[in-house]
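Residue numbers (the working numbering): 13 to 314. The structure appears right after this line, and notes come after that.
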């Protein structure tokens, strides 16, 4: 019997799939396989994490797989949250919403478009779950998700529960400042800053603009590199890649997007190795020509 299945066999409300095809579990659709644990409730999550930690087995959490490069063979088990919740909370406007981390941002954007939740437009077009977006303080040209976060519930690798009250110091550019390695967000409270009857139109216009400037219909992992933010300027990776004429550069089955330089597209059956090789080439060119070190926004250590 598989070791993971053996260890977790007696835990209720979970599903274990060994050597599962994970290509559908990342927005880039990379060729990948690994052991996949779907967890249905908090008690199951705590039991899984405690058992894996006790047996010195590392794990990772996977939502929609945006901003993550999944290796061809993932050696440690993957935890996927699928908590049930009362979906009626999204049937009307509220000043605050307590939601499971597994909720897709697209559902929240649709809700905001209908009910006018002010500042929720900041998550427009982000292909992520709520937990993943909070983890990395996801944002767009309209702002950051940290603007609408009030509280975050999470567990540590021992299965202990914590509640974090968000402050101005809880988040910074593309990251949170309170979670440790092994911590897993399972619930988040979002707040609305009021109602705007024109918000739906604003969201639609922003989506139209993004579709024209970013390859949203292609298999990508989102922005590949973080921008360099300084006191007097912001160096955007996409602009430098464009200037260097690197659009269309290809390794294996992945290429730099011709529409936006900070995106890479899987046009067939790309692997994480293809993407990492292309990232290295682009980084080297940026450093050689401008002396700038662009840090990957996408997680490449999986």
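C-beta atoms are modelled at their ideal positions from N, C-alpha and C, and glycine is treated no differently.
Chain B contact for residue 287 (CB, 8 Å cutoff): Among the chains of the structure shown, chain B does not appear; only one protein chain is present.
Cβ-Cβ separation, residue 146 to residue 200 (assumed contact under 8 Å), whole Å: By one-based count along the chain shown, residue 200 stands at place 188. By one-based count along the chain shown, residue 146 stands at place 134. Confirmed, about 6 Å.
Residue 287 versus 190, 136, 263 and 230, residue with shortest Cα-Cα distance: The sequence position of residue 287 within the chain shown is 275, counting from 1. Just measuring C-alpha positions, the residue of 190, 136, 263 and 230 sitting nearest residue 287 is 263.
Inter-residue Cα distance where the pair is residue 84 and residue 205: Here residue 84 is taken as the residue at index 72 of the chain shown, counted from 1. Here residue 205 is taken as the residue at index 193 of the chain shown, counted from 1. Those two C-alpha atoms are separated by around 43 Å.
Rounded Cβ spacing between residue 284 and residue 82 (contact assumed at less than 8 Å): Walking along the chain shown from the start, residue 284 turns up at place 272. Walking along the chain shown from the start, residue 82 turns up at place 70. Rounded, the Cβ-Cβ distance is 6 Å, consistent with contact.
C-beta contact flag for residue 49 and residue 96 at 8 Å: As a first step, residue 49 is located in the chain shown; it is residue number 37 there, counting from the start. As a first step, residue 96 is located in the chain shown; it is residue number 84 there, counting from the start. No, they are not a contact pair.
Spatial neighbours of residue 289 in its chain, beta-carbon cut-off 8 Å, leaving aside the 5 residues before and after: Indexing the chain shown from 1 puts residue 289 at position 277. Excluding sequence neighbours, residue 289 sits near 263 and 264.
Alpha-carbon to alpha-carbon, residue 272 and residue 132: Within the chain shown, the letter at position 120 stands for residue 132. Within the chain shown, the letter at position 260 stands for residue 272. Going from the Cα of residue 132 to the Cα of residue 272 covers about 25 Å.
Cα-Cα separation between residue 139 and residue 249, rounded to whole angstroms: The residue you call residue 139 lines up with position 127 of the chain shown. The residue you call residue 249 lines up with position 237 of the chain shown. Taking the Cα positions, residue 139 is about 20 Å away from residue 249.
Buried/exposed call for residue 174, threshold 16 Cβ in 10 Å: Position 162 of the chain shown holds residue 174. Residue 174 is exposed by the Cβ-count criterion.
Within 8 Å, strictly: CB atoms of residue 311 and residue 80: As a working mapping, residue 311 is identified with position 299 in the chain shown. As a working mapping, residue 80 is identified with position 68 in the chain shown. Yes. Within cutoff.
Close Cβ partners of residue 62 (< 7 Å) along its chain, the five nearest in sequence each way excluded: Mapped onto the chain shown, residue 62 falls at position 50. Cβ within range, chain order: 170 and 171.
Coil, strand or helix - residue 143 by DSSP: Counting from one through the chain shown, the residue named residue 143 turns up at place 131. Residue state for residue 143 is assigned as helix, using DSSP reduced to three classes.
Start and end residues, alpha helix (DSSP H) containing residue 61: Stepping through the chain shown from its first residue, residue 61 is reached at position 49. Note, residue 61: alpha helix (DSSP H), 54-66.
Where residue 285 sits in the DSSP three-state scheme: In the chain shown, the residue the question calls residue 285 occupies position 273. In the three-state reduction of the DSSP assignment, residue 285 falls in the helix class.
Per DSSP, cross-strand counterpart(s) of residue 184: In the chain shown, the residue the question calls residue 184 occupies position 172. Its beta-bridge partners are 187.
Euclidean distance between Cα positions of residue 237 and residue 152: Within the chain shown, residue 237 is the residue found at index 225, counting from 1. Within the chain shown, residue 152 is the residue found at index 140, counting from 1. Roughly 14 Å separates the two Cα atoms.
Per-residue DSSP class, three states only, for residue 175: Position 163 of the chain shown, counted from the start, is the residue given in the question as residue 175. Three-state DSSP puts residue 175 in a strand.
Spatial distance of residue 57 from residue 37 (CA atoms): Within the chain shown, numbered from 1, the residue matching residue 57 stands at position 45. Within the chain shown, numbered from 1, the residue matching residue 37 stands at position 25. Those two C-alpha atoms are separated by around 19 Å.
The region 177-186 in contact with the region 108-118 per 3-pair CB rule at 8 Å: Short answer: they don't touch.
Pair within 8 Å by beta-carbon distance, residue 40 and residue 231: As a first step, residue 40 is located in the chain shown; it is residue number 28 there, counting from the start. As a first step, residue 231 is located in the chain shown; it is residue number 219 there, counting from the start. Between residue 40 and residue 231, the gap from beta carbon to beta carbon is short of 8 Å.
Three-way DSSP call (helix, strand, coil) for residue 309 in this model: Residue numbering aside, residue 309 sits at position 297 when the chain shown is read from its first letter. DSSP places residue 309 outside both helix and strand once states are collapsed to three, so it counts as coil.
Reduced DSSP secondary structure (H/G/I, E/B, other) of residue 15: Here residue 15 refers to the residue found at position 3 when the chain shown is read from its first residue. It is helical.
CA-to-CA distance, residue 16 to residue 292, given in whole angstroms: By 1-based counting over the chain shown, the position of residue 292 is 280. By 1-based counting over the chain shown, the position of residue 16 is 4. Rounded to the nearest angstrom, the two C-alpha atoms are 34 Å apart.
Secondary structure, beta strand (DSSP E): runs of 3+ residues fully inside the region 102-160: Restricted to the region 102-160, the beta strand (DSSP E) segments that are unbroken, complete and at least 3 residues in length are 108-112, listed in chain order.
Selection from 209, 215, 143 and 165 that minimises the alpha carbon distance to residue 187: Counting from one through the chain shown, the residue named residue 187 turns up at place 175. With distances taken between Cα atoms, residue 187 lies closest to 143.
Continuous beta strand (DSSP E) stretch holding residue 92: start and end: By one-based count along the chain shown, residue 92 stands at place 80. Residue 92 -> beta strand (DSSP E) spans 90-93.
Cβ pair residue 227, residue 275 closer than 8 Å: In the chain shown, residue 227 corresponds to position 215, counting from 1. In the chain shown, residue 275 corresponds to position 263, counting from 1. One thing to note: residue 227 has its Cβ within 8 Å of the Cβ of residue 275.
Alpha carbon of residue 116 to alpha carbon of residue 141, nearest angstrom: For the purposes of this step, residue 116 is identified with residue 104 of the chain shown, where counting begins at 1. For the purposes of this step, residue 141 is identified with residue 129 of the chain shown, where counting begins at 1. Using only the alpha carbons, I get a separation of about 4 Å.
Alpha-carbon spacing of residue 32 relative to residue 210, whole angstroms: Here residue 32 is taken as the residue at index 20 of the chain shown, counted from 1. Here residue 210 is taken as the residue at index 198 of the chain shown, counted from 1. Rounded to whole angstroms, residue 32 to residue 210 spans 44 Å at the Cα level.
Classification of residue 193 by the beta-carbon crowding that lies within 10 angstroms, buried from 16 upward: Taking the chain shown and counting its residues from 1, one reaches residue 193 at position 181. Exposed, by the Cβ-count rule.
Distance between residue 161 and residue 123 (C-alpha atoms, nearest Å): Position 111 of the chain shown holds residue 123. Position 149 of the chain shown holds residue 161. So the alpha carbons of these two residues sit roughly 16 Å apart.
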